[in-house]
Amino acid sequence: MEKILTCIVCPLGCELCIDLEGKEIIEIKGNTCNRGKIYAENECISPKRTVTSTVKCTDGSLLSVKTDQPIPKEKVFDCMKIINQTTATLPVNIGDVIVKDVFGSNIVATQNKN
Amino acid sequence: MKDLVIIGGGPAGMSAALSAFDCGIKDILILERDSHLGGVLQQCIHNGFGLQKFGEELTGPEYAFRYEEKIIKSGIEVKLNTMVLDITEDKTVTATNPHDGIFQIKAKAVILAMGCRERPRGALNIAGSRPAGIFTAGTAQKLVNTKGLLPGKSVVILGSGDIGLIMAKRLTLEGAKVKGVFELMPYSGGLARNIQQCLNDFNIPLRLSHTVVEVHGKERVEGITVAEVDEKRVPIESTKEFIPCDTLLLSVGLIPENELSKSANVKISPVTNGALVDQNRQTSVSGIFACGNVLHVHDLVDFVSDEAEIAGKSAAKYINNDLSDSTEINIFTDGKIRYTVPQRITDLTDVKVYFRVNNIYKNVNIKVTDGINTLLTKKRPKVSPGEMESVTLKNDHLKNVKELHFSLEVV
Ligand SMILES: Cc1cc2nc3c(=O)[nH]c(=O)nc-3n(C[C@H](O)[C@H](O)[C@H](O)COP(=O)(O)OP(=O)(O)OC[C@H]3O[C@@H](n4cnc5c(N)ncnc54)[C@H](O)[C@@H]3O)c2cc1C
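These protein sequence lines are chains Y and P, in that order. As numbered in the numbering used here, residues 1034 to 1147 make up the first sequence, in order. As numbered in the numbering used here, residues 4 to 414 make up the second sequence, in order.
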C-alpha cells in the first residue's frame, strides 16, 4: 500500500510517499532530509506532535509554553487539559519547566516574565 | 542627530539594527509603538520559526528573544511605546510617547520596518448585517494568546492563509468547534505543512473555490451562507449553504503598512504594496531603506531576518559614504511571476532575487533574460503563490545588461 503524507518538520512541506506492507515500511520517497524520513516513520507507527499553548500566571497574565518534545498525537487534548489546569509562579525564564513529565515531555516556558 | 533611526522593533527592525551595529554604526535608535520588542512574533506562540536561521524549531516569542537579547547586550537605544507619526524625505522623523511628548529626530539613514496589517472585512464586501463575532484571524490570535479570551465557540474561517490555518488549530485546542475553512481560490495560500498539522490533524474541512456570501444575526453572528464560486470567482446560486456559527474569522491577506513611507515620498509598488527597492533594500529616496513585511509579505520570519541584515549593512555603508551605484538595471516580470524583490539592481555584485508566482504551476522553468539572451534558468518541480522563491544572479550575469526579464514556462 502507498501512503502519501505532507511532511510537517519544516516549511518546505515535502510530499512523502511511503510504501507500506501492513505496518512495515518498505520504502520512503520524497523527503529532502533525514528528519523527513524520521517523521514519515513515526507518522506510520506512532504519530507525535509538539503542543504550544499558554498557562495562567500568578498575576493573572498569560505565559506561552510548549512541550519540549513531541508527544503522542492522541494525547494532545489530554495535554491541553493539564496545561489549562496549571498556574505558573512568576518570575519565569525561557526554558523553565512549568510541568514535569507530561506524556514523556516537559511543559516549558517560551517567554520571560517577571 | 542620529546616524540610524529604525522604525519598528519586530524581527526586521531588530535584525537590521544588529547588522548595522556589527558594521560599526553605534549611534542607532529603534522606535517601537508597542510596549515590547518582537512585533507580531509575541502573539505567534506556535512553533515553526527559525529552522533556516538557527537549525531548530522555535516558537515566535523564543525567536524574538534571540534577537532581543542581543539588542540589550549591544546597548542599542530602544524607545518603546513610541509611535512614529511622520518621516520626511530629508529623513526627519517625528514621533510621540507619553514620556517625551512629540519630538523630532534627524537621521543620516532611516530603515522602515513597520510590518504589515490585516486586510479588514470592509475590503471584502460581504452582504448582510454587521453583528458582533467577526474578527480578523490576527485579532483573534491576539485575544486568545495574550488575553486568554476565546472569540467564540463555533467558528467558520474565511481564507486559508497561514494565520487562519494556525487559528483553526489553536481554537480547536482551546475547545471551540471549527466548522470549516473556506477559500475563494482553487488553492490554499497557506503552507502545506499547516494544512496537514492545523486542519487534517483535527478533521477540519478545507473547501476551496468557496466564499461567504452572507452573514446572519442581529446582535451576534448566528450563521453564514457560503457558496461555491465559478472560474470568475462569482458565487453559484444553486450551491448556497447555511452554516450555523457564532464567529467568523477573516484570514484574507496582509497589506504592508506604508502610510509613513508615502509621507517620505518613497515610491510604492502597486503589486507588493511595499516600497520599490534595489539590491541594498534602498528605496527611491536615498538613505531610506525598507525590510520585512513592510516591504513585501513574507511567510517565513527567517527570510525577514535575512532581508533585514541586508538593509542594516547597506544603511551602514550609506552612512559611511560607501554605497556604490555603478549601474541601473530594472527588473521586469511576465505576470506569472507577480513581482521580484529587489525590483532594480544598482551595482555589479551577486544578487539573490526573491519572487512570487500568481498561481500553482508544476514542472516549471524560471528564465532570466536580458531581453535577448538567456542568462539563467532554474527548474522547479512545483511553485505556488504561498511560497516565496528565489534565484541568485552572479556578478558576471549583470555585465553590460540594461534590463532583466523574469518569466515562467511550464515544461
Ligand atoms: C499570525 C502570523 C503567523 C505567522 N506564522 C509564522 C510561522 O509559523 N513561521 C514563520 O517563520 N513566520 C511566521 N509568520 C511571519 C513572521 O512572523 C513575519 O513575517 C514577521 O514577524 C515580520 O516581521 P516584521 O518585523 O517585518 O514585522 P512585525 O513583526 O509586524 O513588526 C513590525 C513592528 O513595527 C511596529 N510599528 C509599526 N508601525 C509603527 C509606527 N508608526 N511607529 C512605531 N512602531 C511601529 C509594530 O508595532 C511592530 O512591532 C507569521 C506571521 C503572522 C502575522
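For every residue, glycine included, the Cβ atom is placed at its ideal position computed from N, Cα and C.
Determine the closest residue to residue i out of the options, with distance taken between C-alpha atoms.
i: residue 273 (chain P); options: P:281, P:266, P:261; result: P:261
i: residue 178 (chain P); options: Y:1125, Y:1144, Y:1112; result: Y:1112
i: residue 229 (chain P); options: P:242, P:386, P:326; result: P:242
i: residue 1127 (chain Y); options: P:92, P:72, P:362, P:99; result: P:72
i: residue 166 (chain P); options: P:180, P:141, P:148; result: P:141
i: residue 35 (chain P); options: P:130, P:315, P:84; result: P:84
i: residue 133 (chain P); options: P:409, P:223, P:411; result: P:223
i: residue 3 (chain P); options: P:389, P:372, P:19; result: Only positions 4 to 414 of chain P appear in the structure, and residue 3 (chain P) is not among them; the question remains open.
i: residue 364 (chain P); options: P:89, P:339, P:354; result: P:339
i: residue 408 (chain P); options: P:56, P:284, P:383, P:336; result: P:336
i: residue 245 (chain P); options: P:404, P:182, P:369; result: P:182
i: residue 1005 (chain Y); options: Y:1104, Y:1046, Y:1123; result: Within the shown structure, residues of chain Y are numbered from 1034 to 1147, placing residue 1005 (chain Y) beyond reach of any answer.
i: residue 1035 (chain Y); options: Y:1063, Y:1045, Y:1043, Y:1042; result: Y:1063
i: residue 1108 (chain Y); options: Y:1136, Y:1122, Y:1123; result: Y:1136
i: residue 56 (chain P); options: P:69, P:64, P:49, P:44; result: P:69
i: residue 309 (chain P); options: P:203, P:327, P:53; result: P:53
i: residue 1121 (chain Y); options: Y:1091, Y:1134, Y:1110; result: Y:1091
i: residue 101 (chain P); options: P:37, P:114, P:139, P:194; result: P:37
i: residue 275 (chain P); options: P:298, P:285, P:286, P:284; result: P:298
i: residue 1057 (chain Y); options: Y:1045, Y:1073, Y:1044; result: Y:1073
i: residue 383 (chain P); options: P:50, P:216, P:376, P:369; result: P:369
i: residue 174 (chain P); options: Y:1070, Y:1047, Y:1110, Y:1049; result: Y:1110
i: residue 1124 (chain Y); options: Y:1093, Y:1102, Y:1101; result: Y:1093
Look at residue i and residue j and say whether their C-beta atoms are less than 8 Å apart.
i: residue 75 (chain P); j: residue 8 (chain P); result: no
i: residue 62 (chain P); j: residue 1099 (chain Y); result: yes
i: residue 42 (chain P); j: residue 78 (chain P); result: no
i: residue 171 (chain P); j: residue 159 (chain P); result: no
i: residue 1086 (chain Y); j: residue 1116 (chain Y); result: yes
i: residue 231 (chain P); j: residue 212 (chain P); result: yes
i: residue 1131 (chain Y); j: residue 1143 (chain Y); result: no
i: residue 33 (chain P); j: residue 24 (chain P); result: no
i: residue 414 (chain P); j: residue 360 (chain P); result: no
i: residue 314 (chain P); j: residue 91 (chain P); result: no
i: residue 257 (chain P); j: residue 288 (chain P); result: no
i: residue 1081 (chain Y); j: residue 1114 (chain Y); result: no
For residue i, collect the residues of the same chain with a Cβ closer than 8 Å to its Cβ; drop the 5 residues on either side in sequence, then sort them by chain order.
i: residue 402 (chain P); result: 351
i: residue 152 (chain P); result: 146
i: residue 271 (chain P); result: 261, 264, 265, 277, 278, 279
i: residue 214 (chain P); result: 161, 185, 187, 229, 230, 232, 236, 238
i: residue 1059 (chain Y); result: 1052, 1053
i: residue 326 (chain P); result: 283, 285, 317, 320
i: residue 99 (chain P); result: 85, 86, 88, 105, 106
i: residue 180 (chain P); result: 156, 157, 158
In this structure, does DSSP put residue i in helix, strand or coil?
i: residue 203 (chain P); result: helix
i: residue 410 (chain P); result: strand
i: residue 287 (chain P); result: coil
i: residue 86 (chain P); result: strand
i: residue 330 (chain P); result: coil
i: residue 1099 (chain Y); result: strand
i: residue 1066 (chain Y); result: coil
i: residue 148 (chain P); result: helix
i: residue 100 (chain P); result: strand
i: residue 119 (chain P); result: strand
i: residue 190 (chain P); result: coil
i: residue 248 (chain P); result: coil
i: residue 175 (chain P); result: helix
i: residue 401 (chain P); result: helix
i: residue 1114 (chain Y); result: helix
i: residue 232 (chain P); result: strand
i: residue 378 (chain P); result: strand
i: residue 214 (chain P); result: strand
i: residue 1127 (chain Y); result: coil
i: residue 242 (chain P); result: helix
Got a sec? Which residues, its chain only, sit under 7 Å from residue i by beta carbon, not counting five neighbours each side?
i: residue 322 (chain P); result: 6, 7, 28, 111, 112
i: residue 329 (chain P); result: 350, 351
Suppose the cutoff is 6 Å on Cβ atoms and the five residues either side in sequence are ignored; what does the same chain contact list for residue i look like?
i: residue 333 (chain P); result: 347, 406
i: residue 357 (chain P); result: 344, 391, 393
i: residue 255 (chain P); result: 122, 162
i: residue 46 (chain P); result: 144, 145, 148, 149
i: residue 15 (chain P); result: 116, 294, 295, 307, 311
i: residue 1129 (chain Y); result: 1142
i: residue 200 (chain P); result: none
With residue i and residue j assumed to form a contact (beta carbons below 8 Å), what rounded beta-carbon distance in angstroms separates them?
i: residue 131 (chain P); j: residue 155 (chain P); result: Wrong, their Cβ atoms sit about 17 Å apart, outside the cutoff.
i: residue 168 (chain P); j: residue 129 (chain P); result: About 20 Å separates the two Cβ atoms, so there is no contact after all.
i: residue 1044 (chain Y); j: residue 411 (chain P); result: Their Cβ separation, rounded to whole angstroms, is 21 Å, which puts residue 1044 (chain Y) and residue 411 (chain P) out of contact at 8 Å.
i: residue 1146 (chain Y); j: residue 1096 (chain Y); result: 5 Å
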